[in-house]
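**Student:** Let me begin by handing over the structure; questions about it come next.
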Amino acid sequence: MKHVHTIVIGGGPAGLAAAISAHKQGVSVLLIERESKLGGILKQCIHDGFGLDRFKERLTGPEYAKRFIDELDALSIDVLLSTTVLHIAKEKEGYCLDVVNADGVARYSCKSLVLSTGCRERTSRQVFIHGQRPSGVYTAGSAQYFMNILGMLPTRRCVILGSGDIGLIMARRLSLEGAQVLGVYEAKPTPSGLTRNLLQCLEDYNIPLHLSHTVIKVYGDSRLEGVEISKVDENMHPIPGTSFRVDCDALILSVGLIPENELAESLSISLDPKTKGPFVNQYFMTEKEGCFICGNALHVNDLVDHVSYCATKAGAYAAQYENKKHYDQPVQVEGNFGYFIPQRIRYPLGEDPIACYFRVNREMKKAKFSLIVNDQIIYTKVFHHVKPPEMEFLELKQDLFKGAKTISVKMEELL
Amino acid sequence: MNVHSLEKRLNRMLYKLYPGQFSVQVTDDSIVVKGFSEDWNQIVDVCQRCVVKNSSYHVVNDIKFLNHEPKQMLVPHKTSQQYDQKHYDVVIIGAGISGASIARELSRFDLSILLLDKETDVAMHASSKNDGEVHPGVDLPKGSLKQKYVVRGNRMYDRICKELDVPFYRRGQYVGFTQGWLRPVVEAFALQRRVECGVDDTRVISAKEAFKREPNLSKDIQFVLYNTSAGCVSPYGLTIAYAENAVMNGAEIALNTAVLDMKVQKGKIVSIQTNQGIIYPKIVINCAGVFAEDIARMAKDRFYSIHPRRGTDLILDKKANFLTKSIVSTKTLGQQANQHTKGGGIMRTVEDTILVGPNAQETYEKEDFSTYPEDIDTIIARQSRTCPKLAKKDVIAYYTGIRAATFEEDYILEWGHHTKNLYHVAGIQSPGLTTAPAVAVDVSHAVVERLRIYQEVKENKAFDPIRKGIPMLRTMSLQERNDLVRKNPDYGIMVCRCEEISKGEILDALRSPLKVHTLDAVKRRCRPGMGRCQGGFCAPLVAKMISDEYQIPLEEVIKSTDGSNLVYKSKKGGASY
Amino acid sequence: MKEMICIVCPNGCHLKIDASKEEIKVTGNLCPRGEAFARAEMTCPMRTISSTVKTTSSVQPVVSVKVSQEIPKSKIFDVMDQIQSVVLDHDLDVGQPIIQNVCDLGVDVILTTSFRNG
């Protein structure tokens, strides 16, 4: 059994940043990645727009990943590629991992663990699309892999369900490659993707966006031949009598991402039903002492820059981790919040400002964020144009939380 | 009852119900129902009413279904002369569990055997789209063929699955009753099953005892009918294993081969016309499932009818595994549940996932495996009565299968009535998977006996009953796993993250004795893409492996059926598409 | 009067553009970047595009590329035609051009992933 101080699981943007940051704290680090190359999903995200926050440049996914991979190489951080974690066990001090790769099965132990396992896409079955099971039903990510990595066209004429960013980006990519995108259909009354993607990916290519519509059925018994589309009511249930058929050879789904937390769950770490990621404190530490989490496994981020920022913090905290006497205070959430991270504050407090991530439930032109400690509003901040597709970020000084018996955050509309 | 008075009685009955719409003609062996209707359920109802219990008569449906053009059987686009002018001792039509198991049992003899199927793989219809329960046979009426074979078949499973290296677990079946006052009746029923039907593991246990083992059963349950012998198996896994073992022992399997017509002379099938040439058989076995009647018609030996019945099953995320360790269902007397299924249930499959269903719906479509939102909702509502914690949000996949029921709701296992070299294995529905090992033995013996009238049939001295399956690394200990990876590093490289399937396992599937290069074939053999992401991550990787292994361009790799290509060629490199 | 949403920053200002007179007038922007964005959109909208180029390798059948600078929106498909027609058959690093001065736009098509033939 080999021992390292910090093990990072997952070599996507979160894992890369976490491993580099942990290493810089002067501890031994091992990064474990199941694929043969580092970079995670960025490898196939060949469009640009990454890194505007972090590098003040518009990089493509592979270029953004390369910045971190180069740094990781320069620091000579240990990496295990094509390696899958089979089990994790919590030991009295730290964790024990069984991994497998082409060399066989091996066991590692570590003092602290960073889970940067990313997310996966929701599937057609999970959104309950019916009909036979023809080929040509792809999640946007699979279609993207076929196109950007394997160089094949997943469709010549398709419908996209869901206006999430990956769906919008695929609409543009497919149009560029000569495929016809007949329309993007979204069950919600508002688009899920970023405004800049609506403009640059749909409007530029004259692709119509149909809100309050969903696909209810696929046609075809070998290759997909068409889809049945229906209007939906405010609860997103199909309205009888409003459906129509659109002939196409593929249905591309961009219906949401789900944090991938099977490893966390195997450690009996409970998940926040709102983020679908573990509950964390301001150090990105889960309920299990010494087990940290970052990136899309914690919550689905809108921008990779946020992932890198949060992972850099989580990596450093994992490296610094000591099991000291402590207690945690929950953060109560009021008003228009989809979710709020961190869900707990750990005492004694540290020095660093606390990185908070949240999303709102509904769009607001102007909104006031308040931090309420012991029933006193002790901090407020005004946000403009908040909407569910865009994640909001703010940093709060740890001092604000001093001596808190109750902590809550509130989001209210300013008219 | 003579033919004439039976015919009169049935006609009178139909006239009372639907004056002037239907009529019955009774022949030597069939009750032929004629007339017209726009309503398929009415057609099924009329034919069901014409069934004469405990007789040798089968109901033949000749009712014209108005406003519906009969759909042609889907056949492969590809044609070739690969099997043209070939002669076989036995041709088996349909490579489901029946056809594959019979092929394997026949391969114990020195015979030329061809198992053919129109689909791209074996077990593409009912044999893959069912719940995989190995039934104890507690619910079957005495005197039926189903009942005759179910206990025998069930007992053969340990041996057969060991020989063929197919996972099989006896999980036990709990049928909960919600009405306490029924207990004496069910006790008497259990006794009768034990003594008269040979289902000797049947017993009644208290709800308390059942809750101890199955804590998530509904607290409405008052007592439970319990059978230890109930088991689960992968239905397509077993069919594939049977087929591979048949191939290993000399049988040929022709996939993508559809029977288009037959030449019948003097009560004998002379030749079979397929899209891959004209084949000359000595004996034909009809294992064509929902198309058994169509094959019988081509062979001029149609004396029964199939009425397809759809059933949908749901697969839950592994997170819902707490629901049950076995096979559980509930019964409430007086509720008009469909009588042709025990109403479905919730079961733990061999893959350790939870399967819920099936329901039962009459349909005229033989190959429409569509699912409908109502199916999901009714199944969830129905089975929540057994396990109240069952939740729709845990559903990760669902599929529909179509049962090949006769109106008598029993098997047809007999030689042709008019065509002499044809053996019918028809009307095989639940518990067809359970009975297959036993039926295959009897059918193979009947066929060999018949052949021996004309020729010498020796045993196949080289017959090897052992087939080795693909190793399942995820179920192994770390030591075993390590040893295997040391021998073959590909077993250490993961391709399917959700189900933990390695590159080595996928290559094993691609290199197995029965070569099938579709994405679904790989999925059925070693499960990549069966997990929660449903192939989102691994489908492109497996497609690339198929393309590399068989040296076929990626745009020609198919998902499952002919024409189900995954991707198109791009314009890159100046190519045109 | 034309309306558009500014995409320069996440504020997403709803811009109103009056181009009826010689001088283009922009309202609704919170900062000057919005005005510049609107003017560019009205006169010569510029975009970057990224795609892939076919290679001779079966391990890496395509390699990702992008244009080194923004190109006029109207030229997107002309540039795509060039990208579709080339085949990469030798090792090349990230940032290296595979097509120089594509469509005479003074812009290169460069690799965004390194390519190793083999």
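As you go down the protein sequences, you meet chains A, B and C in turn. Numbering-wise (the working numbering), the first sequence opens with residue 1 and increments by one. Numbering-wise (the working numbering), the second sequence opens with residue 1001 and increments by one. Numbering-wise (the working numbering), the third sequence opens with residue 2001 and increments by one. Ideal Cβ positions, reconstructed from N, Cα and C, are used throughout, including at glycine. Computed from a predicted model, the values in this text were never measured in an experiment.
1. Rounding to the nearest angstrom, what Cα-Cα distance links T2027(C) and T2043(C) in this structure?
2. Given a cut-off of 8 Å, decide if A1254(B) and Y1399(B) are closer than it, judged by their beta-carbon atoms.
3. Taking D1089(B) as part of the beta strand (DSSP E), name the residues at either end of that continuous run.
4. Kindly indicate which three-state DSSP category F146(A) falls into: helix, strand or coil?
5. State the DSSP-derived secondary structure class of R1302(B), mapped to helix, strand or coil.
6. Considering only the alpha carbon of each residue, which of H87(A), F337(A) and V373(A) lies closest to E363(A)?
7. Could you tell me whether any Cβ in chain A is nearer than 8 Å to the Cβ of R2033(C)?
8. Tell me the DSSP secondary structure of C2103(C) in three-state form.
9. Count the other CB atoms, across all protein chains shown, that sit within 10 Å of the CB of Q1339(B); report buried if there are 16 or more and exposed otherwise.
10. Just checking, does the segment 259-274 of chain A make contact with the segment 288-304 of chain A on the three C-beta pairs under 8 Å criterion?
11. Please identify, using Cβ separations under 7 Å, the residues of the segment 1484-1511 of chain B that lie next to chain C, in order along the chain.
12. Under 8 Å between C-beta atoms, does I2049(C) make it to chain A?
13. In three-state DSSP terms, what is V1233(B)?
14. Given that T2113(C) touches chain A, what residues does it touch there, using C-beta distances under 7 Å?
15. For M1156(B), which residues from the same chain have a beta carbon less than 7 Å from its beta carbon, with the 5 sequence-adjacent residues on both sides left out?
16. Starting from the Cα of S82(A), find the closest Cα among H210(A), G11(A) and R172(A) and give me that residue.
17. Give the straight-line distance between the Cα atoms of T1341(B) and D48(A), rounded to the nearest whole angstrom.
18. Answer yes or no: does any C-beta atom of chain A fall closer than 8 Å to that of F1369(B)?
19. Any Cβ of chain A within less than 8 Å of the Cβ of I2007(C)?
20. For V2087(C), would you say it is in contact with chain B, using Cβ-to-Cβ distances shorter than 8 Å as the test?
21. Return the chain-ordered ranges of every beta strand (DSSP E) run that is complete within the segment 277-347 of chain A and spans a minimum of 3 residues.
22. Any C-beta of chain B sitting closer than 8 Å to the C-beta of K2002(C)?
23. Listing by chain order, which chain D residues have their CB less than 7 Å from the CB of T1561(B)?
24. Should the segment 1320-1334 of chain B be called in touch with the segment 1377-1389 of chain B, which here means at least 3 C-beta pairs below 8 Å?
25. For E1196(B) and A1539(B), what's the separation of their Cα atoms in angstroms?
26. Taking the beta carbon of I1558(B) as the centre, do at least 16 other beta carbons fall within 10 Å, making it buried, or is it exposed?
27. Can you tell me the Cα-Cα spacing of A1337(B) and R1309(B), whole angstroms?
28. When the Cα atoms are used, what is the spatial distance from N323(A) to C310(A)?
29. Compute every distance between the C-beta of R1385(B) and the non-hydrogen atoms of the ligand ATP, then say whether any falls below 7 Å.
30. Between A102(A) and chain B, is any beta-carbon pair separated by less than 8 Å?
31. Determine which residues of the segment 69-96 of chain A have a Cβ less than 7 Å from any Cβ of chain B, and write them out in chain order.
32. Is the Cβ-Cβ distance between F393(A) and Y347(A) less than 8 Å?
33. Determine whether the beta carbon atoms of S1112(B) and N1249(B) lie at a separation below 8 Å.
34. Could you check whether S1101(B) and K1236(B) sit closer than 8 Å to each other, using their CB atoms as the reference points?
35. What residue from D1508(B), S1430(B), L1507(B) and E1505(B) has the CA that sits closest to G1137(B)'s CA?
36. Is there a C-beta anywhere in chain A that falls below 8 Å from the one on V2094(C)?
**Tutor:** Here's the rundown:
1. Looking up residue 2027(C) in the third sequence gives position 27. Looking up residue 2043(C) in the third sequence gives position 43. In a straight line, the C-alpha of T2027(C) is about 17 Å away from that of T2043(C).
2. As a first step, residue 1399(B) must be located in the second sequence, where it is residue number 399. As a first step, residue 1254(B) must be located in the second sequence, where it is residue number 254. Not closer than 8 Å, so no.
3. For the purposes of this step, residue 1089(B) is taken as the residue at position 89 of the second sequence. Taken as a continuous stretch (DSSP letters only), the beta strand (DSSP E) holding D1089(B) covers K1086 to I1093.
4. Numbered from its first residue, the first sequence carries residue 146(A) at position 146. Correct three-state label for F146(A): helix.
5. Within the second sequence, the letter at position 302 stands for residue 1302(B). DSSP places R1302(B) outside both helix and strand once states are collapsed to three, so it counts as coil.
6. Taking the first residue of the first sequence as position 1, residue 363(A) is located at position 363. For E363(A), the nearest C-alpha among the options comes from F337(A).
7. Residue 2033(C) sits at position 33 when you count from the first residue of the third sequence. No, R2033(C) lies away from the interface with chain A (no Cβ there is under 8 Å from its Cβ).
8. On the third sequence, position 103 is the one that residue 2103(C) refers to. In the structure shown, C2103(C) adopts helical secondary structure according to DSSP, grouped into three states.
9. Looking up residue 1339(B) in the second sequence gives position 339. Reliability of the predicted coordinates at Q1339(B) is poor, the pLDDT of 48 falling under 50, and the value obtained from them is presented with this limitation in mind. Around the Cβ of Q1339(B), a 10 Å sphere holds fewer than 16 other Cβ atoms; the residue is exposed.
10. Here the segment 259-274 of chain A makes contact with the segment 288-304 of chain A; the two share three or more CB pairs at distances below 8 Å.
11. Listed in sequence order: no entries.
12. In the third sequence, the residue the question calls residue 2049(C) occupies position 49. Closer than 8 Å: yes.
13. Taking the first residue of the second sequence as position 1, residue 1233(B) is located at position 233. In this structure, DSSP gives V1233(B) an extended state, which the three-state scheme calls strand.
14. Translated into the one-based positions of the third sequence, residue 2113(C) becomes position 113. The contact set of T2113(C) on chain A, defined by CB atoms closer than 7 Å, consists of P62 in chain order.
15. Here residue 1156(B) is taken as the residue at index 156 of the second sequence, counted from 1. Correct list, in chain order: P1437 and A1438.
16. Working through the first sequence from its first residue, we reach residue 82(A) at position 82. Out of H210(A), G11(A) and R172(A), G11(A) has the C-alpha closest to the C-alpha of S82(A).
17. Numbered from 1 along the second sequence, position 341 holds the residue referred to as residue 1341(B). Numbered from 1 along the first sequence, position 48 holds the residue referred to as residue 48(A). With a pLDDT of 48 at T1341(B), under the threshold of 50, the predicted position of this residue should be treated as unreliable, though the coordinate-derived value follows. Taking the straight line joining both Cα atoms gives about 56 Å.
18. Position 369 of the second sequence, counted from the first residue, corresponds to residue 1369(B). Judged by the 8 Å Cβ criterion, F1369(B) is in contact with chain A.
19. Taking the third sequence and counting its residues from 1, one reaches residue 2007(C) at position 7. For I2007(C), at least one C-beta of chain A is nearer than 8 Å to its own C-beta.
20. Looking up residue 2087(C) in the third sequence gives position 87. Yes, because at least one Cβ of chain B sits closer than 8 Å to the Cβ of V2087(C).
21. Listed in chain order, they are 291-293, 327-335, 339-341 and 344-347.
22. The sequence position of residue 2002(C) within the third sequence is 2, counting from 1. Taking a beta-carbon distance threshold of 8 Å, K2002(C) does not count as an interface residue toward chain B.
23. Looking for chain D here will not work: the only protein chains present are A, B and C.
24. Segments in contact, yes.
25. As a position in the second sequence, residue 1196(B) is number 196, starting the count at 1. As a position in the second sequence, residue 1539(B) is number 539, starting the count at 1. Going by the C-alpha atoms only, they are around 51 Å apart.
26. Here residue 1558(B) corresponds to residue number 558 of the second sequence, with the count starting at 1. Result: buried.
27. The count along the second sequence starts at 1 and reaches residue 1337(B) at position 337. The count along the second sequence starts at 1 and reaches residue 1309(B) at position 309. Low confidence applies to A1337(B): its pLDDT is 45, below 50, so where it sits in the model is not reliable enough to give any reading.
28. Within the first sequence, residue 323(A) is the residue found at index 323, counting from 1. Within the first sequence, residue 310(A) is the residue found at index 310, counting from 1. Each residue's alpha carbon lies about 21 Å from the other.
29. No copy of the ligand ATP occurs in the structure displayed, which carries no ligand at all.
30. The sequence position of residue 102(A) within the first sequence is 102, counting from 1. At least one C-beta of chain B is nearer than 8 Å to the C-beta of A102(A).
31. Using a CB distance below 7 Å, the part of the segment 69-96 of chain A facing chain B consists of S82 and T84, ordered along the chain.
32. The residue labelled residue 393(A) in the question sits at position 393 within the first sequence. The residue labelled residue 347(A) in the question sits at position 347 within the first sequence. The beta carbons of F393(A) and Y347(A) sit no closer together than 8 Å.
33. On the second sequence, position 112 is the one that residue 1112(B) refers to. On the second sequence, position 249 is the one that residue 1249(B) refers to. In this structure, S1112(B) keeps its C-beta atom at 8 Å or more from the C-beta atom of N1249(B).
34. For the purposes of this step, residue 1236(B) is taken as the residue at position 236 of the second sequence. For the purposes of this step, residue 1101(B) is taken as the residue at position 101 of the second sequence. In the sequence as displayed, the identity of residue 1236(B) is Tyr instead of Lys. Against a cut-off of 8 Å, the Cβ pair of S1101(B) and Y1236(B) comes out as no contact.
35. As a working note, residue 1137(B) is residue 137 in the second sequence. Nearest of D1508(B), S1430(B), L1507(B) and E1505(B) to G1137(B), Cα basis: S1430(B).
36. As a working mapping, residue 2094(C) is identified with position 94 in the third sequence. It does; some Cβ of chain A falls within 8 Å.
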